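Protein sequence lines correspond, in order, to chains A and B. Just so we're aligned, residue 1 is where the first sequence starts under this note's numbering, counting upward by one. Just so we're aligned, residue 1001 is where the second sequence starts under this note's numbering, counting upward by one.
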Amino acid sequence: MIHTDIVVVGGGPAGMRAAINAAESGAKVIVIDRDGHLGGQLVKQTHMFFGSQKQYASTRGIDIAKILIAELEKHKDKITVMTDSTVIGFYEDRVLTVEQAGKYIKIKPNAIVVATGASEKFNAFPNNDLPGIYGAGAVQTLMNVYGVAPGDSVFMSGAGNIGLIVSYQLMQAGIKVKGVICRGPEFGGYAVHASKLRRMGVPVMPSHKVVYAHGKDKLERITLIKMDENKKEIPGTEFDIEVDVLCIATGLTPLVELLWQAGCEMKYVSELSGHVPLRDENLMTSLEGIYVAGDVAGIEEASSAMVEGALAGLCAAESLGYKHPDFETLKEDYRSQLYNLRSGPEGDSIRKGLSKVQLKEVGL
Amino acid sequence: MRIEQHPIITFERGRKVQFTFDGKVYEGYEGEPIAAALHDAGVRVLGHSHRLGRPRGFYCAIGNCSSCLMVVDGKPNVRVCVEKLKEGMVVETQVGRGDIR
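And the structure:
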């Protein structure tokens, strides 16, 4: 059994920031990631971030990963990184079990930050399991991390930021994008991304959905249908498009298995895209010593994930007696950063979702 | 198909290695996921559904969805979207739930 102050599960933007802040506060930290490297999904994000300077705005995701990894390195004395390691259990006595290269390892931390991220949703339509129908994030990994083209021509279902950005990145990689659709009358992503695509000649078509996929052992064609203002199908408006790849970018869902197993109080909140843990203003769940940060706590942008990570790491360390010299100032700063990231009409839905999962009133 | 020219990314690839898939020899780069090498070679069907045997491809690419389970070096249920390619690997199509040999 390994003992440590804090375990951070997940080495993405939230987890890395949690580890850095906890270590800066003086705690000993183990970061565990099932991938072979840290960075989470940042390693495939070639686009520049929005937000403010504090969340690395105008820096590409792939470079933010490098910055955070370098910062982690500075705390080598405090932070142990375990990659290619999967947390497979989290028990009532707060023991975590980890699989690493065929070995079964037990770790008992005094506090834990769960930053496991999210997974892509599937869509329901006949033949949705045909090879060639891939999650948009998966296609992004394939092309941006491994340099493999997903196919010859791609269609994108979903016009939130992921759908729009991945479409643009496909074009950058020289792959044809035949169109981007979303069910509702308005696309969810930033207008700047949609305009870029339209300028490149890619049709961005709201009020459409995929109703059928055709092909024997791989995708050959999809059938689309038009939707009315109430997101109802308009019969007789079906048409086909020939493509060998259909990307699904209709959302992510939090990877909360460990939190269920630990017994955290959970709630289904559609604005946060799934079952999420209740949490207090320090991002501690209903169970003492179990903190959350990033997409596992509700789907948002990577910018908010980093700030949440920083806040959770800071507070988890403080709860064990490792109080950062600037604890109060930093905490206030992170809370105001989160407030700003979630302000405005784009943050409406997140704010509504978050108001349903607070353990205590926090005055968001 | 490999992406060779990219305005932002320089791909760092490992050394070229050979592996077999259902008896045929393929090439890929050491350390990349088996699925990336197969995809480059035009192989789209990776796993199959247990009951109806429907072909399944890659879906999440992060080892989460179990759409890409194959037999690798005799071991069934390997998620080839995250399993790293090594020289001489024997990759096979899995039938059913897989047997531990």
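Glycine residues also receive a C-beta, built at the ideal position from the N, C-alpha and C atoms. Small disclaimer: the values here were computed from a predicted structure and weren't measured.
Report task. Use the C-beta contact count for B/Gln1018: other C-beta atoms within 10 angstroms, 16 or more gives buried, fewer gives exposed. Result -> exposed
**Report entry** Minimum C-alpha distance to A/Thr141 - residue among A/Gly40, A/Gln261, A/Glu328
**Finding:** A/Gly40
Report task. Please work out which residues of its chain come closer than 6 Å, Cβ to Cβ, to A/Ala302, disregarding the five sequence neighbours upstream and downstream, and give them in chain order. Result -> Pro13
Query raised in the report: Run through DSSP, which three-state label would A/Asp5 get?
Result: strand
Requested in this report: Check whether the stretch 249-262 of chain A touches the stretch 290-299 of chain A, taking contact to mean three or more Cβ pairs, one atom from each stretch, closer than 8 Å.
Outcome: yes
Query raised in the report: If you pair each beta-carbon of the stretch 13-29 of chain A with each one of the stretch 120-135 of chain A, do three or more pairs fall below 8 Å?
Result: no
Query - Spatial distance of B/Pro1055 from B/Cys1068 (CA atoms) - result: Taking the straight line from one Cα to the other gives about 10 Å.
Report task. For the stretch 224-234 of chain A and the stretch 196-215 of chain A, state whether three or more C-beta atom pairs, one from each stretch, are separated by less than 8 Å. Result -> yes
Query raised in the report: Short check: CB of A/Gly188 to CB of A/Val269, under 8 Å?
Result: No, Cβ-Cβ distance for A/Gly188 and A/Val269 is not below 8 Å.
Requested in this report: Return the chain-ordered ranges of every beta strand (DSSP E) run that is complete within the stretch 211-237 of chain A and spans a minimum of 3 residues.
Outcome: 221-226
Requested in this report: Kindly indicate if chain A contains any beta-carbon less than 8 Å away from that of B/Arg1079.
Outcome: Not closer than 8 Å to any Cβ of chain A, the Cβ of B/Arg1079 fails to qualify, so no.
Query raised in the report: Going by beta carbon distance, what residues of the same chain come within less than 7 Å of A/Ser119, once the five residues before and after it are set aside?
Result: Around A/Ser119, the same chain offers Leu252, Thr253, Leu255 as residues with beta carbons nearer than 7 Å, after the five sequence neighbours per side are excluded.
Query raised in the report: For A/Gln56, is the classification buried or exposed, using 16 other Cβ atoms within 10 angstroms of its Cβ as the cut-off for buried?
Result: Reading the sequence as shown, one finds Tyr at residue 56 of chain A and not Gln. So A/Tyr56 ends up on the buried side.
**Report entry** Start-to-end residues for the beta strand (DSSP E) that takes in B/Pro1076
**Finding:** 1075-1079
Requested in this report: Measure from the C-beta of B/Lys1024 to each C-beta in chain A and report whether the shortest distance is under 8 Å.
Outcome: no
Query raised in the report: What residue range is occupied by the uninterrupted beta strand (DSSP E) comprising B/Lys1016?
Result: Looking at the DSSP string, the run of the beta strand (DSSP E) that includes B/Lys1016 is 1016-1021.
Query - Candidates A/Gly160, A/Gly174, A/Gly184, A/Ala115, of which the one nearest A/Ile234 by Cα - result: A/Gly184
Query raised in the report: For B/Glu1032, is the classification buried or exposed, using 16 other Cβ atoms within 10 angstroms of its Cβ as the cut-off for buried?
Result: buried
Query raised in the report: Name the DSSP bridge partner or partners of A/Ser85?
Result: A/Gln100
**Report entry** chain B residues whose Cβ lies nearer than 8 Å to that of A/Met143
**Finding:** Ile1003
Report task. Give a yes or no on contact between the stretch 1090-1100 of chain B and the stretch 1045-1055 of chain B, applying the rule of three or more CB pairs nearer than 8 Å. Result -> yes
Query raised in the report: Would you report the Cα separation of B/Gly1057 and B/Arg1044, rounded to the nearest angstrom?
Result: 6 Å
**Report entry** Selection from A/Thr285, A/Val98, A/Ile181 that minimises the alpha carbon distance to A/Ala316
**Finding:** Checking every option, the nearest Cα to that of A/Ala316 belongs to A/Thr285.
Query - Of the listed residues A/Thr4, A/Val148, A/Arg342, nearest to B/Ala1041 (C-alpha basis) - result: A/Val148
Report task. Would you identify the three-state DSSP class for A/Met156, choosing helix, strand or coil? Result -> strand
Query raised in the report: Would you say A/Ile165 and A/Leu246 are within 8 Å of each other, going by their C-beta atoms?
Result: no
**Report entry** Residues of its chain near A/Asp387, where Cβ-Cβ distance is below 6 Å and the 5 sequence neighbours each way are ignored
**Finding:** Here chain A covers residues 1 to 364 and nothing more, so residue 387 of chain A does not appear.
Query raised in the report: Secondary structure at A/Thr285, three-state DSSP: helix, strand or coil?
Result: coil
Query - Identity of the residues DSSP links to A/Pro277 by a beta bridge - result: Among the bridge pairs identified by DSSP, A/Pro277 is matched with A/Met266.
Query raised in the report: By how many angstroms is the C-alpha of A/Lys231 removed from the C-alpha of A/Ile67?
Result: 42 Å
Query - Buried or exposed (CB count within 10 angstroms, at least 16 for buried), A/His3 - result: exposed
Requested in this report: Please determine, among A/Val9, A/Val43, A/Gly294, the residue with the shortest C-alpha to C-alpha distance to A/Ser273.
Outcome: A/Gly294
Query raised in the report: Which chain A residues are close to B/Ile1009, counting only those with a beta carbon under 8 Å from its beta carbon?
Result: Ordered by position in chain A, the residues that pass the 8 Å Cβ test against B/Ile1009 are Thr46, Ile62, Asn144, Gly147.
Query raised in the report: Taking three-plus beta-carbon pairs below 8 Å as touching, is the stretch 195-202 of chain A in contact with the stretch 165-181 of chain A?
Result: yes
Query raised in the report: If you check the beta carbons only, do A/Thr46 and A/Ile62 fall under 8 Å apart?
Result: In this structure, A/Ile62 lies closer than 8 Å to A/Thr46 by Cβ.
Report task. To the nearest angstrom, report how far apart B/Tyr1026 and A/His214 are at their CA atoms. Result -> 28 Å
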